[in-house]
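Engineer:
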Amino acid sequence: MSTARLSDLPPFAATQPLLFPAPPTHRPPPSISSPPNPLRLAPYNCGARWPRSPPFLRSRPPETALSTKHNDAVPNVLVTEARDRVGGNIITVEKDGYLWEEGPNSFQPSDSMLTMLVDSGLTDDLVLGDPNAPRFVLWDGKLRPVPSSPADIAFFDLMSIGGKLRAAFGALGIRPSPPPPGQEESVEEFVRRNLGDEVFERLIEPFCSGVYAGDPSKLSMKAAFGKVWNLEQNGGSIIGGAFKAIQERNRAPKTPRDPRLPKPKGQTVGSLRKGLSMLPDAISSRLGNKVKLSWKLSSISKLDKGGYTLTYETPEGLVSVLSKSVVLTIPSYVASSLLRPLSTAAADALSKFYYPPVAAVSISYPKEAIRSECLIDGELKGFGQLHPRSQGLKTLGTIYSSSLFPNRAPAGRVLLLNYIGGATNPGILSQTESELVEAVHQDLKKVLIKPNAKDPLVLGVRVWSQAIPQFLVGHFDVLDAANAALRDTETQGLFLGGNYVSGVALGRCVEGAYDVAADVSNFLSQYAYK
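Residue numbering for the sequence shown is 47 to 576, as defined by the working numbering.
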């Protein structure tokens, strides 16, 4: 096996496998030779964990970063995906007048996310939900709106007067003292201590189910909701921290906002005209032959003088690629298997992250099946509803897809995306698709659909056996241990990315990917592009 010189190696091989792949099969690698145009960067996994463009684009001007005419400007990059399509767990389906998502369903329109859309040529395809649309939580058999602004807090009926007062005093700092330094709190411990039992049981617990499909008694407040956790750390209380953050923001130099970016009004969520799959498809199209599909990474090995050999199983057989840098945006358990030959300690750390199962059940009813008390001006309006575990329903929540975004269902029909499973209900893996649909249908008849409603039209049932990484207590310690172990083995140029690193929301994945992009750019700056 020949060893290529580091100066000849590709700067970046971006490698991206299946969302839920089988354990990689390790085979003896074929003979290896340095390619004519060696890679600088190899990102692996074109899924939601990668910002739809390789990190090298981060250093290019926003208006040219994804332009087709610049496709050859960075020739030494390879983006690989183990599936036969890009997008990872972003799955949009269009059929018979319906458009639905079977993975992520929307995103927060942050500036990072909007920049990605603009650079991908999708500005005109952006659709935003109504910021005034209500969000509901089921409590005591009734769907109750969640306050959308401080002015609503005094009047919403999800909490009692006593619960509201407890939350107000706690937010001001009149509450039990925080734990000693070094003792990490769960989401449940933090919220009960700061805001009281009602806020936790009626707001935060169902929110954790909706975002993480998680158990708030085990989720880390610091890792899962770091911005709120930091408020108390920096200001002595949640309100104190909020005021301090405002003061610091007002004192900080103002950075001009990119004038190309749309300006969303209010707190809302976004999607794309033909669904979220438009984003990875657009970027893949612009990157052209730099994206390889059905390339499954089977092994990574270090070269003696730096750089890596990546061995792929491809439709053409085994292919080996040399690269100076690699970014893995794959699930942690897949990264664990691939990295074990390089670092047992890193592999052991990455194997500790837990991904519970979740099923996305997309169904449709005629509008007449909706209970009259759930209609606003004769229509089902709102973002959707969340179900606290204490309320006895099996489903975690329901998104009103056809109300949230336009052209999601035929006229007179309602499209509902339901989630079931999660950390508190892993037993869904033993249920059939028909059983999952029936469970969702029975839950909806208790609160949203008329009790005599006929069975729904079933559009899709997608069961994710390992869905969302749980940011449990100790999450950052485990992640730090993995990165430290990689540093100890001198794996320079190998970067970990993905939702278990940056956060589970689509926008957080994009923001995290930009961070990794900066790290890669700094690393590769020591080599001259040829």
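Glycine included, each C-beta is placed from N, C-alpha and C at the ideal position. The structure presented is a predicted model; accordingly, all values stated were derived computationally and were not measured.
Within 10 Å of its beta-carbon, does Arg238 have 16 or more other beta-carbons around it, so buried, or fewer, so exposed?
Structural biologist: For the purposes of this step, residue 238 is taken as residue 192 along the sequence shown, with counting starting at 1. Label assigned to Arg238: buried.
Engineer: Would you mind sorting Glu244 into buried or exposed? The rule is 16 or more other CB atoms within 10 Å of its CB.
Structural biologist: The residue you call residue 244 lines up with position 198 of the sequence shown. Buried: at least 16 other Cβ atoms inside 10 Å.
Engineer: For Tyr573, report the span of its alpha helix (DSSP H) as first-last.
Structural biologist: Counting from one through the sequence shown, the residue named residue 573 turns up at place 527. Where Tyr573 is concerned, there is no enclosing alpha helix (DSSP H), given that its DSSP letter is neither H nor E.
Engineer: Answer yes or no: the CB of Gly543 versus the heavy atoms of the ligand HEM, is any distance below 7 Å?
Structural biologist: With respect to the ligand HEM, the structure shown offers nothing to examine, as it has no ligands at all.
Engineer: Which whole runs of the beta strand (DSSP E) in the stretch 385-467 are 3 residues long or more, in chain order?
Structural biologist: If we require 3 residues or more, the beta strand (DSSP E) runs fully inside the stretch 385-467 come out as 404-412, 430-432, 441-446 and 459-467.
Engineer: Would you check if the stretch 462-469 and the stretch 210-218 touch, i.e. whether three or more CB-CB distances between them fall below 8 Å?
Structural biologist: No, the stretch 210-218 does not touch the stretch 462-469.
Engineer: Can you tell me which of the three DSSP states Leu265 falls into?
Structural biologist: Against the sequence shown, residue 265 aligns to sequence position 219. DSSP places Leu265 in strand when its eight states are reduced to three.
Engineer: Name the DSSP bridge partner or partners of Arg181?
Structural biologist: Counting from 1 along the sequence shown, the entry for residue 181 is found at position 135. Arg181 is bridged to Gly430.
Engineer: Could you tell me if Ser571 is buried or exposed, where buried requires 16 or more neighbouring beta carbons within 10 angstroms of its beta carbon?
Structural biologist: Residue numbering aside, residue 571 sits at position 525 when the sequence shown is read from its first letter. Exposed is the call here.
Engineer: Just mark Phe201 as buried or exposed, buried being the case when its beta carbon has 16 or more other beta carbons within 10 Å.
Structural biologist: Here the question's residue 201 lines up with position 155 in the sequence shown. Its Cβ having fewer than 16 others within 10 Å, Phe201 is exposed.
Engineer: Using only the alpha-carbon positions, how far apart do Arg319 and Ala288 sit?
Structural biologist: Indexing the sequence shown from 1 puts residue 319 at position 273. Indexing the sequence shown from 1 puts residue 288 at position 242. C-alpha separation (whole angstroms): 36 Å.
Engineer: Just list the beta strand (DSSP E) runs in the stretch 293-319, keeping only unbroken ones of 3 residues or longer that don't cross its boundaries, in chain order.
Structural biologist: Segments of the beta strand (DSSP E) lying fully in the stretch 293-319: 316-318.
Engineer: Out of Leu385, Ala328, Ser378 and Ser330, state which residue places its alpha-carbon closest to the alpha-carbon of Leu356.
Structural biologist: Here residue 356 corresponds to residue number 310 of the sequence shown, with the count starting at 1. Taking only the C-alpha atoms, the option nearest Leu356 is Leu385.
Engineer: Going straight from the alpha carbon of Arg51 to that of Tyr573, what length do you get?
Structural biologist: Within the sequence shown, numbered from 1, the residue matching residue 51 stands at position 5. Within the sequence shown, numbered from 1, the residue matching residue 573 stands at position 527. Reliability fails at Arg51, whose pLDDT of 33 lies under 50, so the model's placement of it is uncertain and the value that follows must be treated cautiously. Answer to the nearest angstrom: the Cα atoms are 12 Å apart.
Engineer: Determine the DSSP secondary structure at Leu505, reduced to helix, strand or coil.
Structural biologist: Stepping through the sequence shown from its first residue, residue 505 is reached at position 459. Looking at Leu505 - three-state DSSP - the assignment turns out to be strand.
Engineer: Answer with buried or exposed for Asp165, where buried requires no fewer than 16 other C-beta atoms within 10 angstroms of its C-beta.
Structural biologist: Here the question's residue 165 lines up with position 119 in the sequence shown. The residue is buried, with at least 16 neighbouring Cβ atoms inside 10 Å.
Engineer: With DSSP run on the structure shown, which of helix, strand or coil describes Trp510?
Structural biologist: Residue mapping note: residue 510 aligns to position 464 of the sequence shown, counting from 1. Trp510 falls in the strand class under three-state DSSP.
Engineer: Out of curiosity, what's the CA-to-CA distance linking Val562 and Pro155?
Structural biologist: Indexing the sequence shown from 1 puts residue 562 at position 516. Indexing the sequence shown from 1 puts residue 155 at position 109. For Val562 and Pro155, the distance between alpha carbons rounds to 20 Å.
Engineer: If you follow the beta strand (DSSP E) that Ile346 is in, where does it begin and where does it stop?
Structural biologist: Translated into the one-based positions of the sequence shown, residue 346 becomes position 300. Unbroken beta strand (DSSP E) run through Ile346: Lys342 to Lys348.
Engineer: Roughly how many whole angstroms lie between the Cα atoms of Ser456 and Pro412?
Structural biologist: Translated into positions along the sequence shown, residue 456 becomes position 410. Translated into positions along the sequence shown, residue 412 becomes position 366. The question names Ser, but residue 456 in the sequence shown is Pro. In a straight line, the C-alpha of Pro456 is about 10 Å away from that of Pro412.
Engineer: Whole-angstrom Cβ separation of Thr275 and Ala128, contact assumed at under 8 Å?
Structural biologist: Counting from 1 along the sequence shown, the entry for residue 275 is found at position 229. Counting from 1 along the sequence shown, the entry for residue 128 is found at position 82. The identity of residue 275 in the sequence shown is Trp, whereas the question assumes Thr. So it is not a contact: roughly 35 Å between Cβ atoms.
Engineer: Excluding the 5 residues flanking Val504 on each side, which residues of the same chain have their C-beta closer than 7 Å to its C-beta?
Structural biologist: Position 458 of the sequence shown, counting from 1, holds the residue named residue 504. Within the same chain, Val504 has close Cβ partners Ile409 and Val483.
Engineer: From this set, Lys300, Pro299 and Leu277, which residue's C-alpha is nearest Lys290's C-alpha?
Structural biologist: Sequence index remark: in the sequence shown, residue 290 carries index 244 (1-based). Cα-wise, what sits closest to Lys290 is Leu277.
Engineer: Could you give the DSSP three-state label for Thr375: helix, strand or coil?
Structural biologist: Counted from its first residue, the sequence shown places residue 375 at position 329. Thr375: coil per DSSP, three-state reduction.
Engineer: Hey, how far is the Cα of Lys264 from the Cα of Pro515?
Structural biologist: Against the sequence shown, residue 264 aligns to sequence position 218. Against the sequence shown, residue 515 aligns to sequence position 469. C-alpha separation (whole angstroms): 13 Å.
Engineer: For the pair the stretch 257-272 and the stretch 221-241, tell me if three or more CB-CB distances fall below 8 Å.
Structural biologist: The stretch 257-272 vs the stretch 221-241: in contact.
Engineer: Evaluate the contact criterion for the stretch 242-258 versus the stretch 202-214: three or more CB pairs, one atom per stretch, below 8 Å.
Structural biologist: At 8 Å Cβ cutoff, the stretches touch.
Engineer: Are there three or more Cβ pairs, one per stretch, closer than 8 Å when the stretch 388-402 is compared with the stretch 518-538?
Structural biologist: These segments touch.
Engineer: Which two residues bound the contiguous beta strand (DSSP E) that contains Ser369?
Structural biologist: On the sequence shown, position 323 is the one that residue 369 refers to. Its beta strand (DSSP E) spans residues Gly363 to Ser369.
Engineer: Express the C-alpha separation of Gly281 and Val524 in angstroms, rounding to a whole number.
Structural biologist: Looking up residue 524 in the sequence shown gives position 478. Looking up residue 281 in the sequence shown gives position 235. Each residue's alpha carbon lies about 27 Å from the other.
Engineer: Is it the case that the Cβ atoms of Ser266 and Phe517 are separated by a distance below 8 Å?
Structural biologist: By 1-based counting over the sequence shown, the position of residue 266 is 220. By 1-based counting over the sequence shown, the position of residue 517 is 471. The answer is yes: Cβ separation under 8 Å.
Engineer: Leaving out five residues before and five after Ala415 in sequence, what residues of the same chain have Cβ atoms less than 7 Å from its Cβ?
Structural biologist: For this step, residue 415 is matched to residue 369 along the sequence shown. Ile495, Lys496 and Ala499.
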